[in-house]
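Working notes, beginning with the structure itself.
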Amino acid sequence: MKIIFALVQYFVIIIKNFQIHDERTAAVSLSWEEVEAFADENGFIGEKVYTNHCGNFPVCPPPDPEIAKLETDFWNAYLSKHKKSGKKNQLYQEMFRYEWYEGWGRSGFRGNIEKVIQSIEPGQSPVITILSAGCGRDLLKVGLAAGIWESTAGILIKGTYKEINMNHFRLAKPGARIMLTEFDKTNLKMLHETVNRLIEKGLLTKDMVAIRRWSFRERTPLVANTQDIVVFALTGNYTRENEQPLILREIVRCIKPGGHFVGSTISDKLDFHKARSPLGRIKVMLTTPLALPVAVDFTKWQLRFAKIAGIMNEKGYWANLPAEKWMEFIQPYNMRLVKIYPGPSSFLPVDVLLAQKFPDTLDSDKYI
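Every position in the sequence shown, counted from 1, becomes a number in the numbering used here once 2 is added.
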């Protein structure tokens, strides 16, 4: 009994030491290299350390407090809007659930993300990061395109928005590793729920996926040169033009040589004020037919977004930039243009940039 008691005391001391270490780690200001030391073999930095220290590593100058409040108030109102009838789902969640902007064939407003990832042909054990993953639908789409899951959907469903459903998935690449980030707390909660359902269905394992809360004005929860693919979709435009090169530089820092950056950007051809005009409203409805069942809620909600977005663009708080401009921003950091996929919708143009990182010592013209 004395031996057992001594062993119990020994393990209690070890556990307390770990707790003390965690508390000291949270209290002490660490360098970024020290923060990176808490990453796993995939380059994913531990959640507790990252959460405690990410605020010490901004990649952009502090935003004006008035602008920051305007953005926060807007996003809180936009993301919290619910349907008035039927299920009380968030309109934001419904938008991606039913692919309002994508259409039946999953192209449209969000661009060609799936087509781009399919062209990369990631191997059997890719390490993929999806930045600002929303409520989880991006995970399903990217995972299917990367071959992490195989589709079991029938011929009438395959290729349509209905295929993006975990009930039509089968795990094909258990060696894949995925980092997901999101900032909005409600979306983050839904993202966790999506991942938990995938785990329950045997479509993910706990060691395949990590989730972190990330602000795009701070360092990513990733070690440099570790990711095979980084996806950054429809988020970078909600910043100033002089912030976007800083954010993109931080993102491509994480890509390994040979790895790819997949980024979608709202083109500068988009005019939010025209989208709010009577003709624009008709065009929106014609180009988003899947939104018709909730047209009343949807139209008011999106007109409100277009109004605020137009104001933010005019004041320079947000900037819609073409993919060519994004490529200019990241080219100095060993990034090579592979292809720009123009937005399928001329009315709501979203371009997708595919770029690849090459080593300093390698001829970039031969590196694909």
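By construction, the Cβ of each residue, glycine as well, lies at the ideal position given by its N, Cα and C atoms.
For residue i, does the count of other Cβ atoms within 10 angstroms reach 16, so buried, or fall short, so exposed?
i, result
"residue 144", "buried"
"residue 311", "buried"
"residue 70", "exposed"
"residue 352", "buried"
"residue 36", "exposed"
"residue 79", "exposed"
"residue 362", "exposed"
"residue 67", "exposed"
"residue 370", "Unreliable placement is indicated for residue 370, whose pLDDT of 40 sits below 50; no coordinate value is reported for it."
Mind reading off the beta-carbon distance from residue i to residue j? Whole number of angstroms is fine, and I expect it under 8 Å.
i, j, result
"residue 221", "residue 59", "4 Å"
"residue 139", "residue 166", "6 Å"
"residue 201", "residue 207", "7 Å"
"residue 360", "residue 338", "6 Å"
"residue 137", "residue 183", "The pair is not a contact, with the Cβ atoms about 13 Å apart (cut-off 8 Å)."
Rounded to a whole number of angstroms, what is the C-alpha to C-alpha distance between residue i and residue j?
i, j, result
"residue 186", "residue 300", "21 Å"
"residue 133", "residue 141", "10 Å"
"residue 130", "residue 333", "21 Å"
"residue 56", "residue 149", "32 Å"
"residue 272", "residue 354", "15 Å"
"residue 328", "residue 247", "7 Å"
"residue 373", "residue 216", "Residue 373 cannot be examined here, being either before or after the span of the chain that is shown, 3 to 370."
"residue 242", "residue 38", "28 Å"
"residue 316", "residue 331", "22 Å"
"residue 203", "residue 173", "10 Å"
"residue 302", "residue 218", "28 Å"
"residue 65", "residue 76", "15 Å"
"residue 335", "residue 251", "7 Å"
"residue 163", "residue 326", "29 Å"
"residue 155", "residue 177", "23 Å"
"residue 25", "residue 34", "A caution first: residue 25 carries a pLDDT of 43, below 50, which makes its placement in the model unreliable, though a value can still be read off. Cα to Cα, the separation comes out at about 18 Å."
"residue 83", "residue 255", "35 Å"
"residue 41", "residue 73", "32 Å"
"residue 191", "residue 135", "12 Å"
"residue 63", "residue 157", "51 Å"
"residue 244", "residue 314", "14 Å"
"residue 259", "residue 198", "32 Å"
"residue 341", "residue 356", "5 Å"
"residue 125", "residue 43", "17 Å"
"residue 48", "residue 32", "14 Å"
"residue 153", "residue 309", "39 Å"
"residue 122", "residue 92", "33 Å"
"residue 50", "residue 237", "25 Å"
Among the options, which has the Cα closest to the Cα of residue i?
i, options, result
"residue 350", "45, 254, 267 and 173", "267"
"residue 235", "202, 269 and 203", "269"
"residue 231", "261, 322, 331 and 176", "261"
"residue 30", "46, 362, 39 and 54", "54"
"residue 280", "127, 62, 258 and 305", "305"
"residue 175", "127, 163 and 352", "127"
"residue 228", "181, 245, 195 and 219", "181"
"residue 151", "157, 224 and 210", "210"
"residue 168", "184, 67, 356 and 205", "205"
"residue 233", "116, 50 and 61", "116"
Are the CB atoms of residue j and residue i within a distance shorter than 9 Å?
i, j, result
"residue 319", "residue 114", "no"
"residue 226", "residue 45", "yes"
"residue 171", "residue 146", "yes"
"residue 189", "residue 81", "yes"
"residue 265", "residue 257", "no"
"residue 223", "residue 52", "yes"
"residue 358", "residue 263", "yes"
"residue 118", "residue 249", "no"
Establish whether the CB of residue i and some CB of chain C are separated by less than 9 Å.
i, result
"residue 329", "Looking at the structure shown, chain C is missing, and only one protein chain is on hand."
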